[in-house]
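Here is the structure we will look at, set down as structure tokens.
Numbering (the working numbering), first residue to last: 14 to 143.
As structure tokens, this is what we get:
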């Protein structure tokens, strides 16, 4: 069982509302018809999907499987983060709001919050696609 309220009191929590603010900074300032933006955004979502799948699979792994898969999970997390930097850089070049990137990487417990952001991106995209 999962209790969202228990999750939120952890010092490394990223709330849905905080993730939504970051998401809306990205999509509120970018031109959604810009081909380069859409290419970079697609890379972010593809990478987030790969990482989140591995992170969800983690719940069913044995201790031994976790030890074997830890490096690949870390690599997928790093890969996700590597897609955000070019997106932020491009947004800055276009004079769009790229402050979301610094807010995501320059925080305490950044890695866990970044991983949570990947999951929230998929959740928001799923809800938006309705």
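Positions of the beta carbon are idealized from the N, C-alpha and C atoms, including for glycine.
* **Span separating the alpha-carbon of residue 53 from that of residue 17** => One C-alpha to the other measures close to 31 Å.
* To do: In angstroms with no decimal places, state the Cα-to-Cα distance between residue 108 and residue 79.
  => Taking the straight line joining both Cα atoms gives about 42 Å.
* Where residue 104 sits in the DSSP three-state scheme -> Three-state result, residue 104: helix.
* Round the Cβ separation of residue 42 and residue 110 to the nearest angstrom and send it over; I've been treating them as touching at under 8 Å. => Taking C-beta atoms under 8 Å as the contact rule, residue 42 and residue 110 qualify, at a distance of about 4 Å.
* With distances taken between CB atoms, is the gap from residue 89 to residue 57 smaller than 8 Å? -> Not closer than 8 Å, so no.
* **Reduced DSSP category for residue 96 - H, G, I as helix; E, B as strand; rest coil** => It is helical.
* Kindly give me the distance between the Cβ atoms of residue 134 and residue 26, rounded to whole angstroms, as I take these residues to be in contact under 8 Å. => Actually they are not in contact, since the Cβ atoms of residue 134 and residue 26 sit about 16 Å apart, beyond 8 Å.
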